[in-house]
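Take a look at the structure below.
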Amino acid sequence: MRSAMLRTLAVGLGMAVGTWLLGWWAVAALGMVAGATTHRQRWGALQVALAGGLAWGALLLVAALSGPVAPIAHRLGRLLGMPAAGPLVITLGFGVLLAGSSAALSRELRTRS
Amino acid sequence: MRVLRLGVTALLLTGLIALGSRGAGDLPPLGPLLDPVHGVWATSAVTLPPVSVASISTLTAPVEVRVDVRGVPHIFATTLADAYRVQGYLVARDRLFQMEAQVRAAAGRLSEWAGARAVESDRRTRAMGLPWAAERDWAALETGGPTWQAVTAYAEGVNAWIDQLAPRDLPFEYRLLDARPLRWEPRFTLYFMAEMGRTLASSSSELRRPRIVDLIGAEATEVLFPVHAPIQEPVQPAPWPTPRLALPVLPPPSSVRVLSAGTDPGLPGGPEWGDDRVGSNNWAVAPGRTRDGHALLAGDPHLQLTLPSIWYEVHLMVPDSLDVAGVTFAGAPGVVIGFNRDVAWTFTNGGSDVLDWYRERVDHEESPTLYWLDGAWRDLQLEPTAYRGPGGTLLRIDTLRYTHRGPMLQVDSAWYSLRWTVHDPADDLGTFLRIQTAQTVDDWLDAMDSFVAPIQNGLVADRSGTIAIRASGRYPIRPNGARGDTIQDGTSSAHDWSGVLSADRVPFARAPRQGFLASANQEPIDPRVDSAYRGALWPAPWRAMRINALLRRDSSVTPEAMRLLQTDPGSARVEELLPRILAAGEGAGSTDSIARIVLDRLREWDGRYTLATREAVLFEAVVDEVNVRLWDELVPPGASAGRRLATPDGTLLLAALEDQGSIWWDDRDTPEREDREAVVGASLTAAWQRVVDERGPPGPRWEWREVQHANLYHLLGLPALSELGLPVTSGPSTIAPSFGRGTHGASWRMVVELGPEIRAWGTYPGGQSGNPASPRYADRVPLWQAGKLDPLLFPRDIEGLAPGEVESRLTFRSGKGRVP
Chain A
259 MRSAMLRTLA VGLGMAVGTW LLGWWAVAAL GMVAGATTHR QRWGALQVAL AGGLAWGALL
319 LVAALSGPVA PIAHRLGRLL GMPAAGPLVI TLGFGVLLAG SSAALSRELR TRS
Chain B
255 MRVLRLGVTA LLLTGLIALG SRGAGDLPPL GPLLDPVHGV WATSAVTLPP VSVASISTLT
315 APVEVRVDVR GVPHIFATTL ADAYRVQGYL VARDRLFQME AQVRAAAGRL SEWAGARAVE
375 SDRRTRAMGL PWAAERDWAA LETGGPTWQA VTAYAEGVNA WIDQLAPRDL PFEYRLLDAR
435 PLRWEPRFTL YFMAEMGRTL ASSSSELRRP RIVDLIGAEA TEVLFPVHAP IQEPVQPAPW
495 PTPRLALPVL PPPSSVRVLS AGTDPGLPGG PEWGDDRVGS NNWAVAPGRT RDGHALLAGD
555 PHLQLTLPSI WYEVHLMVPD SLDVAGVTFA GAPGVVIGFN RDVAWTFTNG GSDVLDWYRE
615 RVDHEESPTL YWLDGAWRDL QLEPTAYRGP GGTLLRIDTL RYTHRGPMLQ VDSAWYSLRW
675 TVHDPADDLG TFLRIQTAQT VDDWLDAMDS FVAPIQNGLV ADRSGTIAIR ASGRYPIRPN
735 GARGDTIQDG TSSAHDWSGV LSADRVPFAR APRQGFLASA NQEPIDPRVD SAYRGALWPA
795 PWRAMRINAL LRRDSSVTPE AMRLLQTDPG SARVEELLPR ILAAGEGAGS TDSIARIVLD
855 RLREWDGRYT LATREAVLFE AVVDEVNVRL WDELVPPGAS AGRRLATPDG TLLLAALEDQ
915 GSIWWDDRDT PEREDREAVV GASLTAAWQR VVDERGPPGP RWEWREVQHA NLYHLLGLPA
975 LSELGLPVTS GPSTIAPSFG RGTHGASWRM VVELGPEIRA WGTYPGGQSG NPASPRYADR
1035 VPLWQAGKLD PLLFPRDIEG LAPGEVESRL TFRSGKGRVP
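Quick look at the structure:
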């Protein structure tokens, strides 16, 4: 359990750094790697998905400390016809899905091979 | 099962990556948009640091900037070029997306952002010759001359900002469009000037007028859509008391209606007859009529209301060269409307006719290469032009065509060339830069001598107490006394413009005996003084009448009174029309209880468009219903009721109301002969019914605040980035006219007192920042909406700003790279 948490945090940290240095697609690339290396873990893909969410959540927190996340969420929410929380949820969801689906795919490929 | 899982995960990931990298439909690529480090969430911190240092490699000496508590930069430089460099940098920092959007609109390059959906708009822009005009201006500019230096220095500042742009500084809109900023070229400023020409001087009645003649005959057209306004309250004060009413007797419409179909010919730059138009105002009062004995000047230019605002406020200080404050366009160096230590100035649009259409005979209907002139075929100048989409994909190729007059474009299968002063190579930006340093009214007028287009009613006042106004610009002379409101025959050069009106024929007044001057886009000179053709689309002079009436009444004007005038809810239109409508309604002797209720309510109305009034909505409905019945002859056969080809303005309604038996009152669809009383009586009832249908029984929903709103749309038209539905104390033809969709209005309000020390107040709808997440994005809107003004700080030096007045200190140094 503890090792799973640590693994999730480590992957999340990697994804945060990857996003910082390389951009959004680093989440998918690292998700593939993490999925392949954890293919024997039962909840491996979910852990990677969670790591993606944690990574982007942490980065959003950093953005909120130095920038105007709340007014942007408000404007984007109006743009998309949803409450201000909506764009934040979509952002986190995008990170989660990207990490999770890439991990799941590499798991499947690894298992087949 | 495993294959299925593999397929589903592969599909999901592929979909996410496609959505992330390419987007879908109108959705931009989500990856770079949602990326918490580089995407929209990372939009720059919105508050300026208290102290910072920046660099521009071409600066010749350090420049100090103090941003005051209203977000206005005060730029203290040692050379003009450095001042413009820093101005470019700061405006780019605050308004980069707007600057590029404006240039793209003028260059016909919006499709590079928006794809195929913008191609038609780009085609119109290029066909009208806007980029052509800007390039001609640029080519005519003296290399190394003052204007060249100013736009070049400004561009260096803009590009210094772009070069140092951190990902977090990329404006919000670029993220939505998945675009990167275009490198700023000095000529871009001239593109913006051409775009202003289109905004202010492209109205034209030539193409629509023949259709109206087909419908009601030449004689009636001449009276209903006159060259000279039926009520004269000119910009150049007349030598007799005004307003001078010259209401015509309306001749009957032609019995033969040639026009048979179509109410909207789809013409470019349609005419704008009627009362309810964009309306700029300015007025100045000489010391003899002000409480404190100093000249006062009010500027109130009206334009499309956008977020960010078209204006950017700035103070530029260069010892012994320049000390000017006010507003400029985002993209232009210097100050366009404002004041220095001695002089204050402002503009309204002159509205003169500076665009003529020539019908051309060409060798081929679809793809002409030759046009007929003076008995011979002449080569058209052909210019291939490509429209590209995002990423440079080719969307379309066109050929632009030019005759010796200007661009040639096709309308309803016919070819027309344009002769337009906006196309004339000119250095109007140079004029704006020169007027900034005027020390007297006469200096200022001299500097304005070179101004070309669009015609501007430039109002100026100085500290000695002199006030003056002149409708500056180039007025074309048509040969043989021809007017510009009819289509000219392009096959003969004898129809070409033969010159420009001499300076002594330009409407002008200096230190008038009446002690005040005002303009509100009205006809600039009474035709009894000078009947030369200057235009044909003058708005009814209701605003000018109201301003002048209030100024005549007050011989001790204060800055506060000037401010209050800017949002005065009274209306000369109501003062003239309402008593006549009431009289006609009474004359109808109607026993209809609803008509009586309407009459009673309107009789009790004070005629002011205040937020709480419930009668204004009723009055407007009555006028509209009267117009529907009165001007039914202007509805083409087969078109639905109310779909008029054009509507005569309120002064013609006034003329009709003066004539009980005019044939125009008759409803052509009934066998009876209706008169004024019958039509007004029926209109009262119909108006009530309409308002009840739309708003329910009389109640809060009838209040003007529920009816008319100002709408400040973001440049991309996105409601989420706009300020919409703002109730305003104004109505059609009030000094601050508000009408229709409420998308036009006062773009900058300013009052200046020219005492020993200049004092000024002002505001505009919006805020200094174009960043929608910034607290300065729309912070001025509540003040503007309330009709209030902020005091404008105008320090003589850096120390002139108290610590509490400064929000941020910025030092610019020569060098490369941003200094943290």
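Here the protein sequences come in this chain order: A and B. Mapped onto our numbering, the consecutive letters of the first sequence carry residue numbers 259 to 371. Mapped onto our numbering, the consecutive letters of the second sequence carry residue numbers 255 to 1074. Where a beta carbon is used, it is the ideal one built from N, C-alpha and C, also for glycine.
Check                                                                                                                                                                                          : Outcome
Who are the near neighbours of Leu444(B) in its chain, counting only those whose CB is closer than 6 Å to its CB and skipping five residues on each side?                                      : Ala388, Asp391 and Trp392
Using CA coordinates, which residue listed in Asp822(B), Ile721(B), Arg834(B) and Gly605(B) is at the minimum distance from Leu454(B)?                                                         : Gly605(B)
For the putative contact between Asp607(B) and Gly789(B), defined by C-beta atoms under 8 Å, what is the C-beta separation to the nearest angstrom?                                            : 4 Å
For Arg265(A) and Ala433(B), what's the separation of their Cα atoms in angstroms?                                                                                                             : 37 Å
Along the chain, where does the alpha helix (DSSP H) containing Thr685(B) start, and where does it finish?                                                                                     : Asp682 to Ile689
What does DSSP give as the partner residues of Ser756(B) in its beta bridges?                                                                                                                  : Answer by DSSP bridge pairing: none, since Ser756(B) is not bridged.
Residues of chain A with a CB under 9 Å from the CB of His292(B): which are they?                                                                                                              : Thr277, Trp278, Gly281 and Trp282
Taking buried to mean at least 16 other C-beta atoms within 10 Å of its own C-beta, is Ala420(B) buried or exposed?                                                                            : exposed
Going by other Cβ atoms of all chains shown within 10 Å of its Cβ, with 16 needed for buried, is Ile651(B) buried or exposed?                                                                  : exposed
Could you tell me the distance, in whole angstroms, from the CA atom of His968(B) to the CA atom of Ser976(B)?                                                                                 : 5 Å
With Gln664(B) as the anchor, note down where its alpha helix (DSSP H) starts and where it stops.                                                                                              : Counting along the chain, Gln664(B) falls outside any alpha helix (DSSP H), though it belongs to the beta strand (DSSP E) covering Pro661 to Val665.
So Pro973(B) contacts chain A; which residues on that side make the cut at Cβ distance below 9 Å?                                                                                              : Arg336 and Leu337
Using 8 Å as the threshold, is the stretch 846-855 of chain B in touch with the stretch 1045-1064 of chain B, meaning 3 or more CB pairs across them?                                          : no
Quick one: is Arg298(A) buried, meaning 16 or more other Cβ sit within 10 Å of its Cβ, or exposed?                                                                                             : exposed
Could you give the first and the last residue of the continuous alpha helix (DSSP H) run that contains Met382(B)?                                                                              : First-last for Met382(B): undefined, no H or E at that position.
Do Thr694(B) and Asp666(B) count as a contact pair if the criterion is CB distance below 7 Å?                                                                                                  : no
Arg259(B) versus chain A: which residues are under 9 Å apart at the beta carbon?                                                                                                               : Ala362 and Glu366
Rounded to a whole number of angstroms, what is the C-alpha to C-alpha distance between Glu1007(B) and Leu344(B)?                                                                              : 28 Å
Any beta carbon from chain A within less than 7 Å of Ser514(B)'s own beta carbon?                                                                                                              : The predicted model places Ser514(B) with a pLDDT of 45, which falls under 50 and marks its position as unreliable; any figure quoted below should be read in that light. False, the Cβ-Cβ gap to chain A never drops below 7 Å.
Identify, in the order they occur along the chain, each residue of the same chain with its Cβ nearer than 6 Å to the Cβ of Tyr787(B), setting aside the five sequence neighbours on each side. : Arg737
Since Gln352(B) and Pro562(B) are thought to touch, with beta carbons under 8 Å apart, how far apart are those beta carbons, to the nearest angstrom?                                          : 5 Å
When the distance is taken between beta carbons, is Ala331(A) closer than 7 Å to Pro345(A)?                                                                                                    : yes
Based on Cα-Cα distance, which residue from Gly293(B), Ala335(B), Asp860(B) and Gly841(B) lies nearest to Trp587(B)?                                                                           : Per the sequence shown, residue 587(B) should be read as Pro rather than Trp. For the residues Gly293(B), Ala335(B), Asp860(B) and Gly841(B), the minimum Cα distance to Pro587(B) belongs to Ala335(B).
Could you tell me which residues DSSP pairs with Arg1003(B) in its beta bridges?                                                                                                               : Thr1017(B)
From which residue to which residue does the beta strand (DSSP E) around Glu977(B) run?                                                                                                        : Glu977 to Pro981
Would the beta-carbon of Asp854(B) be found less than 6 Å away from any heavy atom of the ligand PLP?                                                                                          : With respect to the ligand PLP, the structure offers nothing, as it holds no ligand at all.
Return the bridge partner residues of Pro730(B) from the DSSP annotation.                                                                                                                      : Val754(B)
Helix, strand or coil for Gly896(B) per DSSP?                                                                                                                                                  : coil
Identify, in the order they occur along the chain, each residue of the same chain with its Cβ nearer than 6 Å to the Cβ of Thr867(B), setting aside the five sequence neighbours on each side. : Trp958
Throw me the rounded Cβ distance for the Arg655(B) and Leu634(B) pair, which I believe falls under 8 Å.                                                                                        : 5 Å
Is it right to say Ala584(B) is buried, meaning 16 or more other beta carbons lie within 10 angstroms of its own, or is it exposed?                                                            : buried
Who are the neighbours of Arg300(A) on chain B, taking C-beta pairs under 9 Å?                                                                                                                 : Within chain B, no residue comes near Arg300(A); the closest Cβ sits about 15 Å away, beyond 9 Å.
How many Å lie between Trp956(B) and Val871(B) at the Cα?                                                                                                                                      : 7 Å
Let me know the secondary structure DSSP gives Trp631(B) once reduced to three states.                                                                                                         : strand
Which class does Trp494(B) belong to by DSSP, given the choice of helix, strand or coil?                                                                                                       : coil
With a 10 Å radius around its C-beta and 16 neighbouring C-beta atoms as the bar for buried, classify Val714(B) as buried or exposed.                                                          : buried
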